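Residue numbers (this note's numbering): 29 to 230.
This report concerns only the one structure given below.
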């Protein structure tokens, strides 16, 4: 059984159908984007009005994690058993969702690769070509981040197609959310009781 049939049986939506839906959304966004001038792009990147919650389309949950690899084909039976016993939530997503088993990374560095996932563009096109960290500060002049008014992401395309979109978690693709505007003060990290954890930012 080929992977496309297997995916369709697991998720109820074939890979081909999902790509058709994403293509339709991208086409609608591209047509709308041609009509937007640069001044209005800052306020509203696409001239579409949300149509409310969609009732007849599949929901998409895109999970991107840090420090995790695709399970190798050569793993031992012992390791495969450990994954089945200890990674129940991931196994549930795997068994009831869609997996891309023929995938290739755009960049070995995490930030450019993540930007490519969300934009569908190569790093040379979207502009995120490096990752900040020990060797390079996030505010270096030659460290480029994703321009929120110039490069549409998966969220733009889905919203243009009438979806409600939400994002939670690590972004690390644009610098806007790392520092308080107009300062070099990091945005606070919060604990579960919504209290700032100052030590995390020092």
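From the three backbone atoms N, C-alpha and C, an ideal C-beta is built for every residue, glycine too.
Computed from a prediction, not measured in an experiment: that's the story for all the values here.
Within 10 Å of its beta-carbon, does residue i have 16 or more other beta-carbons around it, so buried, or fewer, so exposed?
i: residue 186; result: buried
i: residue 177; result: exposed
i: residue 191; result: buried
Could you compute how far the alpha carbon of residue i sits from the alpha carbon of residue j?
i: residue 130; j: residue 225; result: 41 angstroms
i: residue 218; j: residue 96; result: 24 angstroms
i: residue 99; j: residue 126; result: 15 angstroms
i: residue 170; j: residue 109; result: 46 angstroms
i: residue 144; j: residue 47; result: 17 angstroms
i: residue 85; j: residue 121; result: 19 angstroms
i: residue 189; j: residue 89; result: 16 angstroms
i: residue 194; j: residue 172; result: 24 angstroms
Using three-state DSSP, classify residue i as helix, strand or coil.
i: residue 176; result: coil
i: residue 43; result: helix
i: residue 140; result: helix
i: residue 86; result: coil
i: residue 218; result: strand
Just curious, the alpha helix (DSSP H) that residue i is in, first and last residue?
i: residue 248; result: The chain is shown from 29 up to 230; residue 248 falls before or after that span and cannot be answered.
i: residue 153; result: 151-154
Can you find a heavy atom of the ligand SAM that lies under 6 angstroms from the Cβ of residue i?
i: residue 196; result: Only the bare structure without any ligand can be found here, which leaves the ligand SAM out of the picture.
Quiz item: On the three-pair Cβ rule with 8 angstroms, is the segment 179-197 touching the segment 148-155?
Solution: yes
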